[in-house]
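Counting with mature numbering (1 follows the signal peptide of the UniProt record, and there is no 0), you get residues -30 to -1, 1 to 327 for the letters of the sequence shown.
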Amino acid sequence: MLRIQTLVKQTCVAAAVSTLLATTATSTFAAEDKIRWKVQAVFGTHLPGLGDPIVHVAKQLKAATDGQIQFKVYEPGKIVPPFSITEAVRNHQLDAGYAWLGYDQGRIPASALLSAVPFGMEPWEYSAWWYEGEGKNLAENLYAKHNVHPVLCSIIGPETAGWFKKEVNAMEDLQGLKIRFAGLGGKVLQKAGASVTVLPSGEIFPALEKGAIDATEFSMPAIDKIMGFDKVAKNNYFPGWHQTFTASHLVINKDVWDDLASSTKATIDMACTASTFRALTHGEAIQGKVLTELKEKGIKTQTLNSEMLTGLKNITNQVMSELSAQDEDFKKIYDSQQSFRAEYKAWRKLAYLPLDL
């Protein structure tokens, strides 16, 4: 819990203000138009910590404002394709969406840094960079160019390194491997010789089952178990080098956001801040039990060896250097993250007990 002090502090404030808002909602929002937004989710809302935060946000906003702010949450693909949410928000096909910004990587290279970074920050570190460092402003400035306003609304811990039908023990085993991988980690694996494809969540299991792919990553063990990957691939690798945190955002059409009253903006911000903390705690709470269940089912939970991790880290450095040279926004955000990490490292090294003590 020490590692999430910053979020705890912010959540306590958010909770207190939300309580106050709930008792004064009628007068606070009496002069404002009611908000009735269609909000499409990028992940199924049945997925704990990853997909369900937007449902909690919708419930909290409705309760805190006495029904003045209401989101109708749609499952992935119900209105627009899962990878097209921010584009639909930009064009005002949707007022808002719950998105993983890494899926914008093709149009907005720097977006991937806001969602997951190989060998990157831990979730509480990213949250500190977002709220207390330059993260929030850099993200808002990046997406303002695309008529979108992002609000951090969920963060969870590392993914698994993937589910594989066959063991991988050396970098050579990645050559020609057909794997579903998203974000910057996918670029790293491509450079390592893998055949990488990006599939929406609903298409992964059928592709794995039919042999269209040999392996996949998606999320944390509790979520991957719901997805059914353990039924087909029996080798589950760790650590999640490619996605040390997973951040998801509420993205709102910027014209719509700019027209909101300051009290409404603050209420949405507070609901998402509280949701970010709850997603993290929920995600951390349920993994241990699931890992035990997977072991009992005969799943081989394995750790990538140091040679592979070193090889992947070296390729990651190359990819980051190349993307920084190609895109000014990417370089600005990546440099900000690296600077924050360098300063934070001194505290992290001294403050926390070793896990094997």
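The beta-carbon is built from N, C-alpha and C at its ideal position, and this holds for glycine as well.
Asked, Found
"Nearest-angstrom Cβ-Cβ length linking Gly155 and His212, presumed shorter than 8 Å", "3 Å"
"Nearest-angstrom Cα separation, counted from Glu102 out to Pro170", "32 Å"
"Residues near Ile269 by beta carbon distance below 7 Å, same chain, minus five either side", "Asp200, Lys204, Asn206"
"Three-way DSSP call (helix, strand, coil) for Arg77 in this model", "coil"
"Residue burial classification, Ser309 (beta-carbon count within 10 angstroms, cutoff 16)", "exposed"
"Best match in Leu84, Pro88, Pro324, Gln257 for proximity to Glu104 [C-alpha to C-alpha]", "Leu84"
"DSSP state of Thr186 mapped onto helix, strand, coil", "strand"
"Beta-carbon separation (whole angstroms), Phe215 vs Gly72, contact threshold 8 Å", "Actually they do not touch by this definition, with Cβ atoms about 11 Å apart."
"Spatial distance of Tyr314 from Asn117 (CA atoms)", "33 Å"
"In DSSP terms, what Ala217 is bridged to", "Ile125"
"Reference Phe208, options Phe134, Ile5, Trp100, Ala114, closest by Cα", "Phe134"
"The stretch 259 to 268 / the stretch 35 to 44 touching (three or more Cβ pairs under 8 Å)", "no"
"In chain order, each alpha helix (DSSP H) run of at least 4 residues that lies wholly inside the stretch 33 to 113", "55 to 60, 93 to 102"
"Whole-angstrom C-beta distance between Lys42 and residue 342, which should lie under 8 Å", "Past the boundaries of the shown model lies residue 342; the chain is included only from -30 to 327, so the question cannot be answered."
"Spatially closest choice to Ala312 from Lys148, Ile222, Glu95, by CA coordinates", "Glu95"
"Cβ-based burial, Leu(-24) [other Cβ within 10 Å; buried from 16]", "Reliability fails at Leu(-24), whose pLDDT of 44 lies under 50, so the model's placement of it is uncertain and the value that follows must be treated cautiously. Leu(-24) comes out buried."
"Inter-residue CB distance, Thr177 and Pro23 (contact presumed, cutoff 8 Å)", "Note that residue 177 is Ala in the sequence shown here, rather than Thr. Between Pro23 and Ala177 the Cβ distance is about 26 Å, and since that is not below 8 Å, they are no contact."
"contact_flag[the stretch 172 to 186, the stretch 132 to 149] where n(CB pairs < 8 Å) is 3 or more", "yes"
"Where the alpha helix (DSSP H) through Ala295 begins and ends", "276 to 296"
"Asp74 burial status per 10 Å Cβ neighbour count (16 or more: buried)", "buried"
"Complete runs of the beta strand (DSSP E) confined to the stretch 215 to 268 [at least 3 residues]", "216 to 223"
"Beta-carbon proximity check, Ser81 vs Ser245, cutoff 8 Å", "no"
"N- and C-terminal bounds of the alpha helix (DSSP H) containing Gln272", "Where Gln272 is concerned, there is no enclosing alpha helix (DSSP H), although the beta strand (DSSP E) it sits in stretches over 270 to 273."
"Chain-order list of residues whose beta-carbon lies under 8 Å from that of Pro46 (same chain, five-residue window excluded)", "Gln10, Ala11, Val12, Phe13, Gly14, Pro52, Pro170, Ser171, Gly172"
"Sequence-distant residues of the same chain with beta carbon closer than 6 Å to Lys283, five excluded per side", "Phe89"
"Cβ neighbours of Arg60 in the same chain (closer than 6 Å, five flanking residues each side left out)", "His116, Asn117, Val118"
"Gly181 versus Glu92: straight-line alpha-carbon distance, rounded", "33 Å"
"Cα-Cα separation between His62 and Gln296, rounded to whole angstroms", "30 Å"
"Exposed unless 16 or more other CB atoms sit within 10 angstroms - verdict on His26", "buried"
"Beta bridge counterpart(s) of Arg150 as assigned by DSSP", "Thr167, Thr186"
"Exposure label - Ala21; buried when at least 16 CB within 10 Å", "The identity of residue 21 in the sequence shown is Gly, whereas the question assumes Ala. Gly21 is buried by the Cβ-count criterion."
"Beta-bridge pairing of Ala140 - partner residues as DSSP gives them", "Ala140 is not bridged to any residue."
"Gln288 classed as buried or exposed, judged by whether at least 16 other C-beta atoms fall within 10 angstroms", "exposed"
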